[in-house]
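Chemist: Sequential numbering from 105 applies to the sequence shown in the numbering used here.
Just so you know, even glycine gets a beta-carbon here, dropped at the ideal spot from N, CA and C.
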Amino acid sequence: MLAFVVGMPAFAKDKGKKNKGTDVFAKYDKNANGKLDPDEVEAVKKAFATDPDLKQYDTNNDGKLDDNEVAAIKPAEHKKKKKDKSAT
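(1) In angstroms, rounded to a whole number, what distance separates the CA positions of aspartate 194 and lysine 150?
(2) CB-CB under 6 Å to valine 174, same chain, minus the five flanking residues each way: which ones, in chain order?
(3) Just the Cα atoms here: how many angstroms apart are asparagine 164 and lysine 139?
(4) Which same chain residues end up closer than 6 Å to leucine 158 when comparing Cβ atoms and leaving out the 5 residues on each side of it in sequence?
(5) What residue does the alpha helix (DSSP H) around lysine 131 start on, and which one ends it?
(6) If you run the structure through DSSP and keep just helix, strand and coil, what is proline 156?
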């Protein structure tokens, strides 16, 4: 069983590419458990042909996503709002 967890090993790091503001990970993490379960991984691989947001992860340009490329899909980092201390 394959499952990809947030905080992947070094081989799975995103190679400096940005996800252009779209949280691709959240789109496919249907149960929102913070990892791509086997059925979600299959959904990502099947959607590759029709989802332009996934093209950036095909790092070897073979026209499909392998397990390492899927593992590089990370949740978008959302900036936390700073608490306004002057309002206290």
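Modeler: By the coordinates alone:
(1) Residue 194 falls outside the range modelled here, since the chain spans only 105 to 192, and no answer is possible.
(2) Val145 and Val148
(3) 23 Å
(4) Phe152
(5) 128 to 132
(6) helix
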